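Okay, so the sequence shown: first residue is 33 according to our numbering, each after it adds one. Where is the CB? At the ideal position from N, CA and C, for every residue including glycine. These numbers were taken from a predicted model, which means no experiment stands behind them. This report refers to the structure that appears directly beneath it.
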Amino acid sequence: MSLKKIQTKENLPLNGFFLYKKQHYQKIKEEFNLSKSNQVTAIAAKRWALEPKSVKDQYRVKAKEQFKIYKQTRQTEVQKLTDLSKLIPEPLHEDKDFIRLEQELFSEMHLIL
33 MSLKKIQTKE NLPLNGFFLY KKQHYQKIKE EFNLSKSNQV TAIAAKRWAL
83 EPKSVKDQYR VKAKEQFKIY KQTRQTEVQK LTDLSKLIPE PLHEDKDFIR
133 LEQELFSEMH LIL
C-alpha cells in the first residue's frame, strides 16, 4: 500500500448519517420500489432528520469508534512505509553518473526480489 493510497479520502470511515443510510438502504429501496440511489438517499435523509437525538447519537458514537480505528490503522501503515523508506540506501557518491547507475542497479535488484 502506498503513502498516497493511505492519504486518500476513499478509505475514510462513514459518518453517522451514512451508517444510518447503509443500514436502512435496502429496506427503503424495497419499500418505495426505487432503483436510483439518490432517491433512496433523499428518503433516508428525511427519515434521519425525524429520528430522535438518541438514535442519531448511537450512529454517531459508532462512527467515532470506526474513525478512531481508522486513525490507528492509518498511523500504523504510515509508520510501516516510513520504516521501509529508511531501508532504501542513500547514494554512496556525489557523481551523477554513479548515482544513476546505483539507482538502476537497485531497481533491478528490487525487480529480482
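Have a look at Lys78 and Leu51 and give me their C-alpha separation to the nearest angstrom. 15 Å
Collapsed DSSP secondary structure at Lys53 in the structure displayed: helix
Suppose you measure from the CA of Lys85 to the CA of Asp115; what does that come to, to the nearest Å? 44 Å
Excluding the five sequence neighbours on either side, which residues of its own chain have a C-beta within less than 6 Å of the C-beta of Leu66, listed in chain order? Val72
How long is the line joining the alpha carbons of Leu82 and His56, rounded to whole angstroms? 14 Å
Whole-angstrom C-beta distance between Leu46 and Ala95, which should lie under 8 Å: 6 Å
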